[in-house]
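Trainee: Each residue of the sequence shown is one higher than the one before, starting from 211 at the first, in the working numbering. The beta carbon of each residue, even a glycine, is placed where N, CA and C say it ideally should be. Supplied in structure tokens, the structure appears directly below.
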Amino acid sequence: MKHSLRVAVVLAACASALAVAGGASARQQIIIVNGYSGHYEGFYSSAVTGQIAPFTMDIAPSRTSIYSGVLLLPAVREPFHVAIARNGGFLALGTGPSGFLAAGRTTPIAGGASSLSTAGYLIRTPSGLDRGSLRFVQSLTGGDASTLAPDATGSCTLPDGSAVSIDFRMTGVNGGDFGAAVSFDGSSFPLVGSIGNPDLRTGDAQVVATGVSAFGSIDFDGSWVGGAQPHMQGTATVSLGDGSVRVADCALVPAVRPTGGTT
């Protein structure tokens, strides 16, 4: 109890500092609504071991500027509290034995229905102290990932007018969340993402995703369009290991799977 109270006090102080850093008073800047509650999917990249692996996180609704949640990593289940400022900065402190600490920034995507977050982390694992980076997206609500094409292919247009290839292959579905493998201009990324509830008027469903690999990272903010000509469309942002960032408008259609037969 004393530890939890101490964490809450520290986070409250940090939340105020984050708010002031954003350029306004703490009362004006602190998020006190539940826009950040929900389920999250993402990747951690260890600077110690070089491992890149998926993780999940759940954040409960809150009436204050401080949220509580649970982080699930391989061999680690860590409760935590997180303070999120209106400018997107956040600080998370674990309340369990791992001593989890993360500081980063979150950015609204999908018109505010989801968010993309990046952070640096420090955590104690059964193998020792680990540090690295986190990249994760907030799950959309009401969607069914099984409605997505299991395989899709297409192209992405860069700002200079050139085009690069993109391929998408589903590897798993859990409600509205999915895992996938994506190839962008020859670079491959494991991907996690989410699809929202289809719009009642258009039938289009928002899709968000992020991926991390040794090549860098890829983020997708777009939609799945059903109907007679199903396709996925949206913006892919690729950050490569050399520091370059490529933003492209992408369109993918379901891939035609080869069928068996005789010749």
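1) In chain order, what are the residue ranges of uninterrupted alpha helix (DSSP H) at least 4 long that sit wholly in the segment 422 to 446?
2) For GLY421 versus LEU401, is the C-beta distance shorter than 7 Å?
3) Which of the three DSSP states is assigned to GLY396 in this structure?
4) Count the C-beta pairs between the segment 276 to 290 and the segment 356 to 370 that are closer than 8 Å, then say yes if the count reaches three, no if not.
5) Is ALA355 helix, strand or coil when you go by DSSP?
6) Could you check where the beta strand (DSSP E) with PHE310 kicks off and where it finishes?
7) When the Cα of ALA438 is compared with those of ILE428, THR412, PHE265 and ASP268, which residue comes out closest?
8) Scan the segment 282 to 308 and note each continuous beta strand (DSSP E) run of 3 residues or more that stays entirely inside, going in chain order.
9) In the DSSP assignment, the beta strand (DSSP E) including ALA373 goes from what residue to what residue?
10) For the beta strand (DSSP E) containing ARG456, name the first residue and the last one.
11) Tell me whether LEU478 is buried or exposed, calling it buried when 16 or more other Cβ atoms sit within 10 Å of its Cβ.
12) Quick check on the burial criterion: 16 or more other C-beta atoms within 10 angstroms. Buried or exposed for ALA295?
13) Starting from TYR250, follow the beta strand (DSSP E) in both directions and report where the run begins and ends.
14) Give me, in chain order, the residues of the same chain whose beta-carbon lies closer than 7 Å to that of THR444; leave out the 5 immediate sequence neighbours on both sides.
15) Do you know how far the Cα of PRO307 is from the Cα of GLN333?
16) Would you check if the distance between the CB atom of ALA355 and the CB atom of PHE388 is smaller than 7 Å?
17) Sort PRO408, PHE253, SER393 and LEU350 by Cα distance to ASN384 and report the nearest one.
18) Which one of LEU339, LEU326, PRO369 and ASN407 has the shortest CA to CA distance from VAL455?
19) How about THR266 and PRO289: do their beta carbons lie closer than 7 Å?
20) Quick one: grab the DSSP three-state call for ILE242.
21) Let me know the secondary structure DSSP gives GLY403 once reduced to three states.
22) Distance, Cα to Cα, PRO464 vs GLY338?
23) Got a sec: does the ligand GDP put a non-hydrogen atom nearer than 6 Å to the Cβ of LEU311?
Mentor: Here's the rundown:
1) Counting only unbroken stretches of 4 or more residues, no alpha helix (DSSP H) element lies wholly within the segment 422 to 446.
2) LEU401 is positioned such that its CB atom lies closer than 7 Å to that of GLY421.
3) DSSP places GLY396 in coil when its eight states are reduced to three.
4) Taking 8 Å as the limit for Cβ pairs, the verdict is that the segment 356 to 370 does not touch the segment 276 to 290.
5) Here ALA355 sits in helix by DSSP.
6) No beta strand (DSSP E) contains PHE310, which DSSP labels as neither H nor E.
7) Residue THR412 is the option with its Cα nearest to ALA438.
8) Considered as a whole, the segment 282 to 308 harbours 286 to 294 and 299 to 304 as its complete beta strand (DSSP E) runs of no fewer than 3 residues, in chain order.
9) Bounds of the beta strand (DSSP E) holding ALA373 are 373 to 384.
10) Run containing ARG456: 455 to 464, per the beta strand (DSSP E) assignment.
11) For residue 478 there is no data in the structure shown, the boundaries of the chain being 211 and 473.
12) When all chains shown are included, ALA295 counts as buried.
13) For TYR250, the uninterrupted beta strand (DSSP E) segment begins and ends at 248 to 256.
14) Going by the sequence as given, residue 444 is Gly instead of Thr. Apart from sequence neighbours up to five positions away, the residues of its chain that approach GLY444 with a beta-carbon distance below 7 Å are VAL417, PHE430, ASP431, GLY432, SER433 and CYS460, ordered along the chain.
15) Per the sequence shown, residue 333 should be read as Ile rather than Gln. PRO307 has its alpha-carbon roughly 9 Å from the corresponding atom of ILE333.
16) With contacts defined as CB atoms closer than 7 Å, ALA355 and PHE388 qualify as a contacting pair.
17) Comparing Cα positions, the closest option is LEU350.
18) Each of LEU339, LEU326, PRO369 and ASN407 was checked against the Cα of VAL455, and the nearest Cα belongs to PRO369.
19) For THR266 and PRO289, no; Cβs fall outside 7 Å.
20) Any reading at ILE242 is ruled out, since the residue's pLDDT is 37, under 50, leaving its predicted position unreliable.
21) DSSP, read as helix, strand or coil, puts GLY403 in strand.
22) Cα to Cα, PRO464 sits roughly 44 Å from GLY338.
23) Within the structure as shown, the ligand GDP is missing, as the structure has no ligands at all.
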